[in-house]
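Heads up: the structure comes next, in structure tokens.
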Amino acid sequence: MWSSISSIYLTIISTPISKQVDREAEGVNKMVAAAGRSREERWSLAGATALVTGGSKGIGHAIVEELAGFGARVHTCARNAAELEECRRQWEARGLQVTVSVCDVSVRADREDLMAAVTAVFGCKLHVLVNNAGQSLFKDTAGCTGDDYARIMATNVESCFHLCQLAHPLLLAAAGGKGSSVVNVSSIAGLIGLPALAVYSMSKGAMNQLTRSLAAEWARDGIRVNCVAPGGVRTDISSDKTIDRELVKKEMARLPMGRIAEPEEVASMVAFLCMPAASYMTGQVICIDGGRTIT
Ligand SMILES: NC(=O)c1ccc[n+]([C@@H]2O[C@H](COP(=O)([O-])OP(=O)(O)OC[C@H]3O[C@@H](n4cnc5c(N)ncnc54)[C@H](OP(=O)(O)O)[C@@H]3O)[C@@H](O)[C@H]2O)c1
2 MWSSISSIYL
12 TIISTPISKQ
22 VDREAEGVNK
32 MVAAAGRSRE
42 ERWSLAGATA
52 LVTGGSKGIG
62 HAIVEELAGF
72 GARVHTCARN
82 AAELEECRRQ
92 WEARGLQVTV
102 SVCDVSVRAD
112 REDLMAAVTA
122 VFGCKLHVLV
132 NNAGQSLFKD
142 TAGCTGDDYA
152 RIMATNVESC
162 FHLCQLAHPL
172 LLAAAGGKGS
182 SVVNVSSIAG
192 LIGLPALAVY
202 SMSKGAMNQL
212 TRSLAAEWAR
222 DGIRVNCVAP
232 GGVRTDISSD
242 KTIDRELVKK
252 EMARLPMGRI
262 AEPEEVASMV
272 AFLCMPAASY
282 MTGQVICIDG
292 GRTIT
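Printed below as a string of structure tokens:
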């Protein structure tokens, strides 16, 4: 392993600076810059196509509405067909351009079907992928079963990795025009230690690292990869009855803003990260946590 790392290093240092600069220029040219565009163009998603997983509820629902509100055509998915269809109907009534697919992101074949649907709907070009669908698990480590571990890892990490792989050709096809980007939704649990959340925290920590690795790998393709890490947000996950009430009290006492977030407060950052206005941002994990991680 060390010999392959040192050979990569030697290739880099033995490559003439002019060639390195040429390659960098090639990448920068592909990564469409915000500079030189009007303010309206920099802060818009008009004409963009986006896939948001888990859009029928909570943070994903708010992200769908925010991206569609800024002019994107959005495709979203969830497992519950009836809830998804009700959302689609309401979005249509409000004039938002949103299509839907039933999909369990923890299942490989479902992810492949989802990307086939996205390819058909958007004609092979995807400007934005938001890996939002996720599940939590509040359980002491000693009590976690193999099934608990497998469910959380398949839903939160494997889905994120595989959907990025599947979306890559579509993101690449879109990158030449407006630039394209991935936004992962992790959690501050992936950055700090919290009791009874080990498996969930591991999955979110992996998403944070995948963000940095892909950002480094895909910058030359014109694809930016970022991550938002929310603290507590008012959704079904945060009202889960299995959360220890004492832990909630302690967490609230450490929270400078003294309240949890509304889903829209996460969605606005996701929208920004997808816009040309964020054209020089990649590989970042941004906490949206009312200051929790600074205390
Ligand atoms: N709420 C918080 O306090 C908080 C804090 C930090 C991070 N986050 C993260 O934010 C993301 C969204 O959480 P949320 O609080 O908005 O959750 P939520 O209100 O429970 O909504 C989750 C959404 O994802 C869908 N979903 C869940 N499992 C899925 C699966 N296997 N396949 C496809 N869709 C699935 C759900 O629909 P179906 O059930 O119909 O599939 C729903 O649309 C998650 O990744 C979560 O870890 C949340």
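For what it's worth, the working numbering labels the leading residue of the sequence shown as 2, then goes sequentially. Backbone N, C-alpha and C define an ideal beta-carbon position, used for all residues, glycine too.
Cα-Cα separation between residue i and residue j, rounded to whole angstroms
i, j, result
"Ala82", "Asp105", "11 Å"
"Met258", "Val229", "18 Å"
"Arg24", "Gly206", "Low confidence applies here, because Arg24 scores a pLDDT of 45, under 50, leaving its location unreliable and the question unanswered by this model."
"Val65", "Ile295", "29 Å"
"Ser182", "Thr54", "15 Å"
"Gly292", "Ala216", "25 Å"
"Val200", "Arg112", "22 Å"
"Asn30", "Ala174", "Residue confidence is low: Asn30 scores 48 on pLDDT, short of 50, so the model does not pin down where it sits. Its coordinate-derived value is still stated next. Roughly 15 Å separates the two Cα atoms."
"Ala118", "Ala254", "45 Å"
"Arg109", "Ile193", "30 Å"
"Trp92", "Gly70", "10 Å"
"Asn185", "Arg43", "21 Å"
"Ser39", "Ser45", "10 Å"
"Ala49", "Met276", "9 Å"
"Trp219", "Ser102", "27 Å"
"Cys309", "Gly191", "With the chain covering 2 to 296 only, the question about residue 309 has no answer from this structure."
"Gly124", "Leu171", "9 Å"
"Gly1", "His128", "Outside the modelled stretch of the chain, which goes from 2 to 296, sits residue 1, for which no answer is possible."
"Asn132", "Met116", "13 Å"
"Leu138", "Ala176", "36 Å"
Buried or exposed by the 16-neighbour rule on C-beta atoms within 10 Å, applied to residue i
i, result
"Cys165", "buried"
"Ala51", "buried"
"Gly126", "Strictly speaking, residue 126 in this sequence is Lys, with Gly absent from that position. Its Cβ being crowded by 16 or more others within 10 Å, Lys126 is buried."
"His76", "buried"
"Asp290", "buried"
"Val234", "buried"
"Ala36", "exposed"
"Val249", "exposed"
"Ser202", "buried"
"Gly72", "exposed"
"Thr168", "It is Ala, not Thr, that sits at residue 168 in the sequence shown. So Ala168 counts as buried."
Rounded Cβ spacing between residue i and residue j (contact assumed at less than 8 Å)
i, j, result
"Asp245", "Ala197", "6 Å"
"Asp241", "Gly59", "In fact, because the Cβ distance is near 12 Å, the residues do not count as touching under 8 Å."
"Glu67", "Ala272", "5 Å"
"Met208", "Ser187", "4 Å"
First through last residue of the alpha helix (DSSP H) which encompasses residue i
i, result
"Arg40", "Arg40 to Arg43"
"Arg89", "Ala82 to Ala94"
"Asn209", "Ala199 to Trp219"
"Val271", "Pro264 to Cys275"
"Arg109", "Arg109 to Phe123"
Enclosing beta strand (DSSP E) for residue i [first to last residue]
i, result
"Val183", "Ser181 to Val186"
"His76", "Arg74 to Ala79"
"Ala51", "Thr50 to Thr54"
"Leu130", "Val129 to Asn132"
"Val101", "Val99 to Val103"
"Val106", "Premise fails: Val106 is in no beta strand (DSSP E) and is neither H nor E."
Counting pairs of beta carbons, one from the region 154-163 and one from the region 265-280, are three or more of them closer than 8 Å? no
Give a yes or no on contact between the region 280-289 and the region 208-228, applying the rule of three or more CB pairs nearer than 8 Å. yes
Does the pairing of the region 86-99 with the region 133-145 give three or more beta-carbon distances under 8 Å? no
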